[in-house]
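This report refers to the structure that appears directly beneath it.
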Amino acid sequence: MPERAPILAANWKMHKTVSETEEFLDEFLGNVPDGPEVVICPPFLALGAAVARCADGPVRVAAQNMHEEAEGAFTGEVSAPMLLELGVDGVILGHSERRQYFAESDEALARKVPVALDAGLEPILCVGENEAQRDSDETEGILTRQIEADLANVGEERLGDVVIAYEPIWAIGTGRTATPEQAQEAIALIRGLVEARSGEAAAAIRVLYGGSVKPDNAGELLSQPDVDGALVGGASLDPGDFAAIIDAAR
Ligand code: PGA
8 MPERAPILAA NWKMHKTVSE TEEFLDEFLG NVPDGPEVVI CPPFLALGAA VARCADGPVR
68 VAAQNMHEEA EGAFTGEVSA PMLLELGVDG VILGHSERRQ YFAESDEALA RKVPVALDAG
128 LEPILCVGEN EAQRDSDETE GILTRQIEAD LANVGEERLG DVVIAYEPIW AIGTGRTATP
188 EQAQEAIALI RGLVEARSGE AAAAIRVLYG GSVKPDNAGE LLSQPDVDGA LVGGASLDPG
248 DFAAIIDAAR
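To convert a position in the sequence shown, counted from 1, into our numbering, add 7.
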């Protein structure tokens, strides 16, 4: 198996203005532990400031959503060429909050993921079951349906370039983390689904865990063999906490 470089991504959701983003980065960038890849995902309006602050260092910047068309009559939306011009490197797609509150569908994601890849943006595709689905043993079916549908238009040769984040909805923002065993089991299942299409892609693809990752639980979660990093929400808003999580991944 090739070594997969861990990724620690900060999903700020609708937090931080431009000046708050600059303030965070002024403190954070001097203290980023070496080793893992680090990605900051601020709101659209703060992307330019984040790119400017991160310009000469290893920390990358990604958006939290993107429309699949390059331009058009889609009020309120942002496209891949717009993100690229700013110097953005990647984009979170299919976060459960977008699926739940903004009706993001698997059909839309099947269009967005290849558009991001073709544009040169690294997609971080989020999948995961809710609490009722886990309680009724539907986790495997949900993950299978999401992975198959959302990656349907990605060719085998590009599959390994996608980043997947397994984010059980019941663990997001709740303080209730999946156990390391639950995270490992679900992520191994996701890798198995990729393997059914390409063994090479399955060995290369990075699959992250997300859901209440904190400095004190990150080490255990990240030490699981199939867990290649984390997508961190709440704890990534504090530069010291996020740096501590990155440190735990080393
Ligand atoms: P959380 O969010 O770390 O606050 O649970 C994770 C996410 O939604 O990506």
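Idealized CB from N, CA, C, for every residue including glycine.
- When distances are taken from the beta-carbon of L238 to the heavy atoms of the ligand PGA, the shortest one is below 7 Å.
- Counting C-beta pairs closer than 8 Å gives fewer than three between the region 132 to 144 and the region 21 to 28, which falls short of the contact rule.
- Residue pairing by DSSP places V98 opposite A70 and P130 in a beta bridge.
- One thing to note: L166 has its Cβ no nearer than 8 Å to the Cβ of V122.
- Listed as beta-bridge partners of Y216 by DSSP are Y173 and A237.
- Judged by DSSP in its simplified three-state form, N18 adopts strand.
- Annotated three-state conformation of I149 is helix, per DSSP.
- Excluding its 5 nearest sequence neighbours in each direction, G218 has C-beta neighbours in its own chain below 7 Å: E174, P175, A178, I179, T184 and A185, listed in chain order.
- In terms of Cβ geometry, L91 and G64 do not form a close pair [threshold 8 Å].
- Apart from the 5 residues on each side of it in sequence, G94 sits with its Cβ closer than 6 Å to the Cβ of V58 in its chain, given in chain order.
- For V85, no alpha helix (DSSP H) segment is defined, and its DSSP state is neither H nor E.
- Rounded to the nearest whole angstrom, the C-alpha separation of S230 and L15 is 13 Å.
- Using a cutoff of 7 Å, the CB of H102 counts as near the ligand PGA, since one of the ligand's heavy atoms is closer than that.
- The alpha-carbon separation between G226 and A237 amounts to approximately 11 Å.
- Within the same chain, and ignoring the five residues on either side of H22 in sequence, the residues whose Cβ sits closer than 6 Å to its Cβ are L244.
- Put simply, of A17, E10, A208 and R152 the residue whose alpha carbon is nearest the alpha carbon of A242 is A17.
- Taken from the Cβ of A70, every heavy atom of the ligand PGA lies 7 Å or farther away.
- Restricting attention to L215, G206, E207 and T181, the CA atom closest to the CA of I194 is found in L215.
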